[in-house]
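Sequential numbering of the sequence shown, starting at 1, is according to UniProt numbering.
The beta-carbon is built from N, C-alpha and C at its ideal position, and this holds for glycine as well.
Notes for the one structure printed next.
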Amino acid sequence: MMSSTVTSPGIHPPMRIASLEAPQSWPPTIPFSQPEPESDDGNENELLSVSWNQDYGCFAVGTSNGFRIFNCDSFKETFRRDLRSGGFGIVEMLFRSNILALVGGETNIQYPPNKVIIWDDHQSRCIAEFSFKFNVRGVKLRQDRIVIVLENRIYVHDFKDLKLLHQMETISNPKGLCCLSHHSNTFVMACPGLRRGEIRIEHFGLNVTKQINAHDSRISCMSLTLDGLLLATASSKGTLIRIFNTMDGLCDASSNVSGSVASSTMAALAYFGFDLRVLFDLRS
């Protein structure tokens, strides 16, 4: 399914990287603390994606004209990149480093949606590239891994040499659902299984795989704690949040939510990865 991979020897983020030559794709980088001026081309800037960084201190916004990075505390735009060739449907940060994973939007003539670009914003250039036969649905980064999600398959690559380490099939996953732990001493990944409502949990360091029948309907969102020990899930119905122990697969808690809380289930699960109290507060 993967058609080609362009690699750069010795990649190890977020260090300074040299080797892969790629044409500069937009104007030279400016300091992260200074946002670029608003584009004056008069085109409407459409929101395409929003994603947190790994410690929830920043978030990235993909737009039809490029992308923007925001700091949460205090809230401010830290920098942006505007393109004339189109925007990005996926923008994934690596903590607060200069390394980003980018996937072009449907109208991006330079970066198509079936290609993942690993971008070093300090050097203003592409340092690695992954091309696929089908569109990329999601990308997740750790300090040591790149995880690329297609609609029916997930690829796990080493970040240092870009070698393919693992691949697995999933049920149709158009949202690109996948989540990772981010403690350096553990690597846990959760993703949809092969059946509706099923979640697959990989403890890569322990070489252990767990299958959890989490919901009767399709999974709509999921989030791991930073250490990967607990997983929160919600189904497409949006009225039930469940919390599972990833080691034994047992359900530790279940919360019924409704009304305005149900509509913000995705946000609640995002914060769950940072603070367990958010989900348990929903039970009261």
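Starting from the C-beta of residue i, find all residues in its chain whose C-beta is less than 8 Å away, skip the five residues before and the five after it, and write them out in chain order.
{"i": "F88", "result": "L48, S49, G62, T63, G66, F67, L102, V103, G104, G105, N108 and Y111"}
{"i": "F75", "result": "none"}
In angstroms, rounded to a whole number, what distance separates the CA positions of residue i and residue j?
{"i": "Y155", "j": "T78", "result": "31 Å"}
{"i": "Y56", "j": "H182", "result": "12 Å"}
{"i": "S235", "j": "S131", "result": "31 Å"}
{"i": "R200", "j": "G193", "result": "5 Å"}
{"i": "K160", "j": "D144", "result": "7 Å"}
{"i": "D248", "j": "V139", "result": "27 Å"}
{"i": "L83", "j": "N185", "result": "38 Å"}
{"i": "K175", "j": "A128", "result": "24 Å"}
{"i": "Q167", "j": "F59", "result": "28 Å"}
{"i": "K133", "j": "E169", "result": "15 Å"}
{"i": "I90", "j": "D252", "result": "32 Å"}
{"i": "L94", "j": "C126", "result": "15 Å"}
{"i": "W119", "j": "S85", "result": "16 Å"}
{"i": "L250", "j": "K210", "result": "10 Å"}
{"i": "W52", "j": "E92", "result": "8 Å"}
{"i": "E151", "j": "Q123", "result": "32 Å"}
Answer yes or no: do residue i and residue j have a C-beta to C-beta separation smaller than 8 Å?
{"i": "P113", "j": "V136", "result": "yes"}
{"i": "G197", "j": "A214", "result": "yes"}
{"i": "L180", "j": "R153", "result": "no"}
{"i": "R195", "j": "I171", "result": "yes"}
{"i": "residue 285", "j": "K237", "result": "Since the first residue shown for the chain is 1 and the last is 284, residue 285 is missing from the structure and cannot be characterised."}
{"i": "residue 292", "j": "S254", "result": "In the structure displayed, the chain extends from 1 to 284; residue 292 sits before or after that span and is not available."}
{"i": "I219", "j": "L177", "result": "yes"}
In chain order, what residues of the same chain have a beta carbon less than 7 Å from the beta carbon of residue i, not counting five sequence neighbours either side?
{"i": "E46", "result": "T63 and S64"}
{"i": "L164", "result": "Y155 and H157"}
{"i": "G205", "result": "T186 and F187"}
Taking all protein chains shown into account, decide if residue i is buried (16 or more other Cβ within 10 angstroms of its Cβ) or exposed.
{"i": "E44", "result": "exposed"}
{"i": "V147", "result": "buried"}
{"i": "C221", "result": "buried"}
{"i": "N173", "result": "buried"}
{"i": "C72", "result": "exposed"}
Using a Cβ-Cβ cutoff of less than 6 Å, which residues in the same chain neighbour residue i once the five nearest sequence positions on both sides are dropped?
{"i": "K115", "result": "S131"}
{"i": "M189", "result": "L180 and E202"}
Is residue i close to chain D, meaning its C-beta is less than 8 Å from at least one C-beta of that chain?
{"i": "V61", "result": "Of the protein chains in the structure, only one exists, and it is not chain D."}
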